[in-house]
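Participant:
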Amino acid sequence: MLADEKSPTRISHRLFATSCSEMEFKMNIKNMKLKYRLAGIYLLTAVLPVIVLFTFSYGQMKHILIERDTKSIQNFVNQAGAGIDAQLEVYNNLSNYITFNETISRIVSYDYKSDYEMYDQLVLLFDPMLSSLKYFHEDVKQVTIYAEGTVKHDTTLAPLSEIEAAPWFDTSKEHTTIQWFADSSAHTLSSARKMSLLYQKNKLGILYISVDYDKVFEALEENTQKNYGIYIVDSAGSEVYEFHSFTGENVDKALNFADFCGIRDGSGDYTVISTPLATTDWTIYMYEPTELIIQSAKPMMRMIFVAVTVIIAGAVLALISTSRFLIERIELLQHNMQKVEQGDFTVRVHSDSNDEIGALINGFDHMVSRISTLITEVYEGRIHQKEYEMRALRAQINPHFLYNSLSLINWKAIESGQEDISRITLELSNYYRTSLNKGRNTLTLEQELSNVRSYLQIQQLMHDGDFDVETDVAAEILQYESLNLILQPLVENAIDHGIDLKTEGRGRITIRGWQEPAQKPFTHRTDMESDTQSETKSGTESRREPDVESGTDYLVVLTVSDNGVGMDKQTAADFLTVQSGGYGARNVNERLKLYYGDQYPLKVDSKQGEGTTITITFPARVYTTQKQA
40 MLADEKSPTR ISHRLFATSC SEMEFKMNIK NMKLKYRLAG IYLLTAVLPV
90 IVLFTFSYGQ MKHILIERDT KSIQNFVNQA GAGIDAQLEV YNNLSNYITF
140 NETISRIVSY DYKSDYEMYD QLVLLFDPML SSLKYFHEDV KQVTIYAEGT
190 VKHDTTLAPL SEIEAAPWFD TSKEHTTIQW FADSSAHTLS SARKMSLLYQ
240 KNKLGILYIS VDYDKVFEAL EENTQKNYGI YIVDSAGSEV YEFHSFTGEN
290 VDKALNFADF CGIRDGSGDY TVISTPLATT DWTIYMYEPT ELIIQSAKPM
340 MRMIFVAVTV IIAGAVLALI STSRFLIERI ELLQHNMQKV EQGDFTVRVH
390 SDSNDEIGAL INGFDHMVSR ISTLITEVYE GRIHQKEYEM RALRAQINPH
440 FLYNSLSLIN WKAIESGQED ISRITLELSN YYRTSLNKGR NTLTLEQELS
490 NVRSYLQIQQ LMHDGDFDVE TDVAAEILQY ESLNLILQPL VENAIDHGID
540 LKTEGRGRIT IRGWQEPAQK PFTHRTDMES DTQSETKSGT ESRREPDVES
590 GTDYLVVLTV SDNGVGMDKQ TAADFLTVQS GGYGARNVNE RLKLYYGDQY
640 PLKVDSKQGE GTTITITFPA RVYTTQKQA
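Residue numbering for the sequence shown follows our numbering, beginning at 40 and increasing consecutively.
1) Specify the secondary structure class of Leu-236 as computed by DSSP and reduced to three states.
2) Let me check understanding here. Comparing Cα to Cα, which of Leu-482, Thr-194, Val-508, Ser-274 lies closest to Ser-493?
3) If the criterion is Cβ atoms closer than 8 Å, does the pair Leu-524 and Glu-485 meet it?
4) Let me make sure I understand the geometry here. Which of Leu-615, Tyr-519, Ser-645, Gln-527 has the alpha-carbon closest to that of Trp-553?
5) Could you spell out where the beta strand (DSSP E) holding Pro-315 opens and where it closes?
6) Spatial neighbours of Lys-101 within its chain, please: CB distance less than 6 Å, with the 5 preceding and 5 following residues excluded, ordered by chain position.
7) If we ignore side chains and look at the alpha-carbon of each, how far apart do Val-272 and Ile-323 end up?
8) What is the residue span of the beta strand (DSSP E) that Phe-506 lies within?
9) Three Cβ pairs or more, each shorter than 8 Å: is that satisfied between the segment 223–230 and the segment 143–160?
10) Indicate the three-state DSSP secondary structure (helix, strand or coil) for Arg-368 in the structure shown.
11) Would Tyr-174 and Ile-245 qualify as a contact pair, given that the criterion is a beta-carbon distance under 8 Å?
12) Is Leu-529 buried or exposed, if buried means 16 or more other CB atoms sit within 10 Å of its CB?
13) Could you check the C-alpha separation between Leu-87 and Glu-257 for me, to the nearest Å?
14) Using 8 Å as the threshold, is the C-beta distance between Ile-269 and Phe-282 below it?
15) Quick one: Cα of Thr-215 to Cα of Arg-232, how far?
16) Would you mind giving the Cβ-Cβ distance between Ile-343 and Ser-96, rounded to the nearest angstrom? I have them listed as a contact below 8 Å.
17) In the DSSP assignment, what are the bridge partners of Thr-183?
18) In the DSSP assignment, find the alpha helix (DSSP H) that holds Gly-120 and state where it starts and stops.
19) What does the alpha-carbon distance come out to for the pair Asp-586 and Tyr-634?
20) Just reading off the beta strand (DSSP E) that Met-325 is part of, what are its end residues?
21) Using the C-alpha atoms, what's the distance from Ser-600 back to Ser-455?
22) Are there 16 or more other CB atoms within 10 angstroms of the CB of Pro-328, so buried, or fewer, so exposed?
23) In angstroms, rounded to a whole number, what distance separates the CA positions of Lys-212 and Phe-220?
24) Assign Arg-547 to one of three DSSP states: helix, strand, or coil.
25) If you measure from the CB of Ala-204, is any heavy atom of the ligand ADP nearer than 7 Å?
26) Val-599 lies in the beta strand (DSSP E); which residues open and close that run?
27) State the start and end residues of the unbroken beta strand (DSSP E) segment that holds Ala-204.
28) Please confirm whether Thr-318 and Asn-140 have their CB atoms less than 8 Å apart.
29) Starting from Tyr-158 and walking both ways along the beta strand (DSSP E), at which residues does that stretch end?
30) Would you report the Cα separation of Thr-84 and Val-355, rounded to the nearest angstrom?
31) Roughly how far, in whole angstroms, is the beta-carbon of Gly-537 from the beta-carbon of Asp-505, given that I think they are within contact range, below 8 Å?
32) Could you tell me which residues DSSP puts in a beta bridge with Pro-198?
33) Considering only residues of the same chain and omitting the five flanking positions on each side of Leu-259, which have a CB-CB separation below 6 Å?
34) Please report how far the alpha carbon of Thr-194 lies from the alpha carbon of Asp-298, in whole angstroms.
35) Just verifying my parser: in three-state terms, what is the DSSP assignment at His-283?
36) Between which two residues does the alpha helix (DSSP H) harbouring Tyr-635 extend?
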């Protein structure tokens, strides 16, 4: 049963842990280096409070400035919005007057008997009326009524077909309320609305008014302070108007429309204030970089920074004066370190003092002594390495002498009529020729099987033929690539630890091989070299990283089976580990995983009293001599 969260046992454990933590902290403080203690004291008592005060003051001042500037921007935006609303209201009144004027509606909608009659009415009544309205509104550029079934007359009357392709047409014909449309790129500002015609109510009429774009927003530009940006956006999010007053080095802080849309909700390094217009669906946005808002605080911040710098400099000077008596021993240590740097490891220093500097000096002395010992060990190791390289060179030369000696023994055996000796000599020669393989790490599977057969011939002669050998290897896999000496160690284990320990019945070793489809693609290393090759290379030449290439669709499967004494479960589990005590099968296992990957280990299946089967699996790949060059 678990202890309750608030049980006395749990609480006591927490108290004990807290107490241990406090003790550990005190010990850490006690063992802290002297310079760190002094630096910490000065930091806590002089520097840190000043930095905290500076940071707090800066944050408060920044907050006050941003709040003050935000209110100022809000007031300006409200005033600007009211000014634009007043200006647009004038145009709205003009639009209402024309829309609901019975005389204008009658002239436009009347069914004239002739074009002359219509022209007469337009000249006598229609033109003077619109001209007088435009006279009192100098910033109105165009007033045009578009109607079905009418003719074009100057700029005041036109057939409806002229505006059917306009982007605002579909919206205007559905609404009798005033719809404002703006194009900031073309600097155009216009309104359009549906008209109710007096005599032909089913007949569509559109009143279009175009005003001076710059005149509407003139006051906004004149009153905008330095380093501000303004955007007016309609309900669809499209740009109506854009202006900024950034100058000089701040001109690059003006935002294009895409960037502005990203920060207009108040995010980013800008302060953004907005207000909607009452007469339209537009919204005015005004933005200012936060960086420029806090510029006014820079002089005070400079003063505070100077004060902080002076205080820190004073603390540093005090720290130096307090630590000055330690410099002499430090300089002595530095002098000896320079000697070591120049290669003199005979330097020895010692201090009777137990303070930090004394511990440092004695630690340095111990380090130099240790380095000198390590240099000697490394030097001796390099000598041994060179000896191993020389042995590798000898191993590359010795096979020729071995082959010649075995050939001589064979001829002598033939001359003496010793057929068994001749046979053993030939099989031994074939075994070593295949095993050494001219220093190459891979060969064909056929060559590997030939090597094993030679080894088994010798073993059968040595055992007076008291065990049988069965080989069943598919012909299609004989030319596949194989690692050198992967079967012989397994066959040797089968003889030594299986058949030789068998007390009843005749021994049997079975070698089988076939190919089967691979479950998934594999990768394998293509530049693996034999131990002899790598050892005989120049010591200054580094070994290349293995190349990796795509695999094939098949796997080679080899099995080595014996009917020997077998192994129990624990022995079989430890067979490929260090606990087994052997290294032959373990070496084969490690080489397979190194060359083909960890997914291709040896598999051991053994039953005590029945025998052992070891399975080798690796990717099928046709052997090429070019890879071994």
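C-beta: ideal position from N, C-alpha, C; glycine also.
Predicted, not measured: the structure shown is a model, and the values here were computed from it.
Facilitator: Result, derived from the coordinates:
1) coil
2) Val-508
3) no
4) Tyr-519
5) 309–315
6) Ile-333
7) 7 Å
8) 506–512
9) no
10) helix
11) no
12) buried
13) 53 Å
14) yes
15) 5 Å
16) 6 Å
17) Tyr-247
18) 87–138
19) Note on Asp-586: pLDDT 37, under 50, position unreliable in the model; the coordinate value appears next. If you take the alpha carbons of Asp-586 and Tyr-634, they lie about 11 Å apart.
20) 322–328
21) 38 Å
22) buried
23) 14 Å
24) strand
25) This structure simply doesn't include the ligand ADP, nor any ligand for that matter.
26) 593–601
27) That residue, Ala-204, is in no beta strand (DSSP E); it is neither H nor E in DSSP.
28) no
29) Note, Tyr-158: premise wrong, no beta strand (DSSP E); alpha helix (DSSP H) at 154–160.
30) 13 Å
31) Not a contact, Cβ separation roughly 13 Å.
32) Ala-186
33) Ala-119
34) 40 Å
35) strand
36) 623–635
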